[in-house]
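Novice: To convert, note that position 356 of the sequence shown is 355 in numbering that gives the first Met the number 0; the numbers rise steadily by one, no gaps.
Glycine included, C-beta positions come from ideal geometry on N, C-alpha and C.
Here the structure is a predicted model, which is why all the values come from computation and not from measurement.
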Amino acid sequence: MSSVYDLIVIGSGPAGQRAAIYGAKLGKKVALIEMREVVGGACINTGTIPSKTMREAVLHLSGYNYKSIYGMNYRVKERITMADLAFRVQHVIKTEVDVTEAQLSRNNIEMLVGTASFEDANHVRVTNSRGSTIYETKNVLIATGTKPAASAKVPINGTSIINSDLVLDLPSLPKTMIVVGGGVIGVEYTCMFSALGVRVTLIERRPRLLEFADQEIVEALSYHLRDSRVTMRLNEEVESVEEMPDGTVVANLESKKKLQGDALLYAVGRQGNVDELNLEKVGVKADSRGRIPVDKDFRTTVPNIFAGGDVIGFPSLASVSMEQGRIAAARAFGDETVLSNPSFYPYGIYTIPEISFIGKTEEQLTEEDVPYEVGVAYYREIARGQIRGDTTGRLKIIFHRMTHTILGVHIIGEGASELLHIGQAVMALGGKLDYFVETVFNYPTLAECYKVAAFNGLNRVSKFD
0 MSSVYDLIVI GSGPAGQRAA IYGAKLGKKV ALIEMREVVG GACINTGTIP SKTMREAVLH
60 LSGYNYKSIY GMNYRVKERI TMADLAFRVQ HVIKTEVDVT EAQLSRNNIE MLVGTASFED
120 ANHVRVTNSR GSTIYETKNV LIATGTKPAA SAKVPINGTS IINSDLVLDL PSLPKTMIVV
180 GGGVIGVEYT CMFSALGVRV TLIERRPRLL EFADQEIVEA LSYHLRDSRV TMRLNEEVES
240 VEEMPDGTVV ANLESKKKLQ GDALLYAVGR QGNVDELNLE KVGVKADSRG RIPVDKDFRT
300 TVPNIFAGGD VIGFPSLASV SMEQGRIAAA RAFGDETVLS NPSFYPYGIY TIPEISFIGK
360 TEEQLTEEDV PYEVGVAYYR EIARGQIRGD TTGRLKIIFH RMTHTILGVH IIGEGASELL
420 HIGQAVMALG GKLDYFVETV FNYPTLAECY KVAAFNGLNR VSKFD
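#1: Can you tell me whether alanine 82 is buried or exposed? The criterion is at least 16 other CB atoms within 10 Å of its CB, across all chains shown.
#2: Whose C-beta lies closer than 7 Å to the C-beta of arginine 528 among residues of the same chain, with five residues either side of it excluded?
#3: I'd like to check one pair, glycine 180 with glutamate 203: are the Cβ atoms closer than 9 Å?
#4: Check whether the segment 169 to 180 and the segment 253 to 273 are in contact - that is, three or more C-beta pairs closer than 8 Å.
#5: State the DSSP-derived secondary structure class of leucine 208, mapped to helix, strand or coil.
#6: So what's glutamate 55 in DSSP terms, helix, strand or just coil?
#7: Return the chain-ordered list of same chain residues with a C-beta closer than 6 Å to the C-beta of valine 139, the five sequence neighbours on each side being excluded.
#8: Measuring only the C-alpha atoms, how far is glycine 144 from methionine 401?
#9: Who pairs with asparagine 162 in a beta bridge, going by DSSP?
#10: Whole angstroms are fine: how far does the CA of asparagine 441 sit from the CA of glutamate 447?
#11: Looking at the C-beta of valine 248, does it have a partner C-beta in chain B at a distance below 9 Å?
#12: Please state if the CB of leucine 169 and the CB of valine 57 are separated by a distance shorter than 9 Å.
#13: Secondary structure at glutamate 353, three-state DSSP: helix, strand or coil?
#14: Which residues does DSSP list as the beta-bridge partners of glutamate 253?
#15: With 16 as the cutoff for other CB atoms within 10 Å, does serine 104 come out buried or exposed?
#16: Taking the CB atoms as reference points, tell me whether alanine 14 and serine 320 lie closer together than 9 Å.
#17: May I have a chain-ordered list of the beta strand (DSSP E) segments no shorter than 3 residues that lie completely inside the segment 165 to 192?
#18: Beta-carbon separation of glycine 10 and isoleucine 32 under 9 Å?
#19: In its own chain, which residues sit with a C-beta less than 6 Å from the C-beta of serine 315, not counting the 5 before and 5 after it?
#20: Compute the Euclidean distance between the alpha carbons of glutamate 241 and leucine 167, then round it to the nearest angstrom.
#21: Have a look at Met426, Ile92, Gly113 and flag the residue whose alpha-carbon is nearest the alpha-carbon of histidine 399.
#22: Buried or exposed, going by whether 16 or more other CB atoms sit within 10 Å of the CB of methionine 0?
#23: Answer yes or no: do arginine 207 and leucine 233 have a C-beta to C-beta separation smaller than 9 Å?
#24: Skipping 5 residues on each side, what residues in its chain have a beta carbon closer than 6 Å to that of lysine 359?
#25: How far does the alpha helix (DSSP H) with phenylalanine 297 in it extend, from its first residue to its last?
#26: Consult DSSP for methionine 321 and reduce its assignment to one of helix, strand or coil.
#27: Taking DSSP as the reference, what is the three-state secondary structure of tyrosine 449?
#28: So within the segment 377 to 448, which uninterrupted beta strand (DSSP E) runs reach at least 3 residues, ignoring any that extend past its ends?
#29: For leucine 419, which residues in the same chain have their Cβ closer than 8 Å to its Cβ, ignoring the five residues on either side in sequence?
#30: Alpha carbon to alpha carbon, how far is glutamate 238 from alanine 250? Give it in angstroms, no decimals.
#31: Of all the options Glu437, Leu394, Val112, Val281, which has the alpha carbon lying nearest to the alpha carbon of glutamate 417?
#32: Could you check which residue in Ser163, Thr175, Tyr73 has the C-alpha nearest to that of glutamate 187?
#33: Would you report the Cα separation of tyrosine 69 and alanine 453, rounded to the nearest angstrom?
#34: What first and last residue would you give for the beta strand (DSSP E) that runs through proline 147?
#35: Among Ile397, His403, Glu95, which has the Cα closest to the Cα of glutamine 363?
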């Protein structure tokens, strides 16, 4: 047994990285346990980075963003293969792993490779091919992330029936595809494959996609999906999935419909990686989906054991996970100065077109009886929208009718997740709608959408004043 650590972090994803580095910055002795041979967790190796890189490769190779200018037949590469997509993905993964390893090394964080399990609240066992070792620690952060949820109805085979971790393992680009699950992951991959010309059928058991997002924005996305020849089967649930002798896949729905495709992607939820942790030894309980309950300081029911990142559930965003890890490490060492306001956390959904938002939706404000008004700007009205070839995007500002306080910003269109940060900064600093009216933006830029939307909103209010 080695000397006592001040903090052991289990998992090297966004939450684990930031927690370990923050602890090290405080001068503490920190160890980071990672089950894989490479750092980064699901974020770098199978989730966020691969999917967003694949999206960029799809947009580039398919010429999607410029079809409105050069014609629907425009493509950078005529025959796009899965190998083309994987090439760019692997390049980015390698770079991100190298950067992360350098950061951890620079901060003198000790890396321990293996599977972690609790012996008690102050002792963690690490098991690998060379055996097992028990390490003593004063504090532990669980940041083990999640894995794709499995279902007995859907027999994953890794070739024609896959989950989100196995997308790049597809032997070839299918002509037709069934996607089960209308959440973030399912919709993102639906958009990517449809942009490549794959005929996609999307199955979702709820009446609408992305229920946490603003309805108008989701309706705009749904329009684009249908325009891209995506068939949406809403209010439908899969009863069983079977692989046919010819290699195709059939999804049997509870409504007795049968859907056939060359491949099926199962993207219904994710499950916390807690099975190997031996949580019962320390009295920490996870729910049926493997999520660990925590308080506002990300402390579990055991005072010196913290949890952060996807393993604690919603919102399961890499950006938020980083902040959760940093705060958890601060609280573990009694630092109350590190603060963060969840109401200003941005959301980015990398569909095609991209969606990003912050603050309240119209539905939430209506439910809360808040007197609001909206201002909308369309990319087609902005010179940069025409230059970029994106004439379908829009930006919506929701503001209080009387005080003009910004209550929410919702964007659909290319660059949405970058453009949103202007609205985020104004909201966080207490700015009002008038800020956008009085501010000069570079021309031509998509940032002008804020000014156009602000004028649009004020015009609506002035009609009743």
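Specialist: Walking through what the data contain:
#1: exposed
#2: The question about residue 528 has no answer, for the chain in this structure spans 0 to 464.
#3: A distance below 9 Å separates the beta carbons of glutamate 203 and glycine 180.
#4: Pairwise C-beta distances place the segment 169 to 180 in contact with the segment 253 to 273, as three or more of them are shorter than 8 Å.
#5: Looking at leucine 208 - three-state DSSP - the assignment turns out to be coil, as it is neither helix nor strand.
#6: helix
#7: Ile7, Ile304
#8: Glycine 144 and methionine 401: Cα-Cα distance of roughly 43 Å.
#9: Tyr265
#10: 8 Å
#11: As a matter of chain content, chain B is missing from the structure shown, which is built from one protein chain.
#12: no
#13: coil
#14: The partner list for glutamate 253 (beta bridge, DSSP) is empty, contrary to what the question assumes.
#15: exposed
#16: yes
#17: 175 to 179
#18: yes
#19: Asp309
#20: 21 Å
#21: Of the listed residues, the one whose Cα sits closest to histidine 399 is Met426.
#22: Interpretation of methionine 0 is limited by its pLDDT of 48, a score under 50 that renders its predicted location unreliable; the figure taken from the coordinates is listed afterwards. Flag for methionine 0 reads exposed.
#23: yes
#24: Leu406, Gly407
#25: No alpha helix (DSSP H) contains phenylalanine 297, which DSSP labels as neither H nor E.
#26: helix
#27: helix
#28: 393 to 399, 405 to 411
#29: Pro345, Gly347, Ser355, Phe356, Ile357, Val408, Ile410
#30: 8 Å
#31: Comparing Cα-Cα distances from glutamate 417 to each of Glu437, Leu394, Val112, Val281, the minimum goes to Leu394.
#32: Ser163
#33: 33 Å
#34: First-last of the beta strand (DSSP E) with proline 147: 145 to 147.
#35: Ile397
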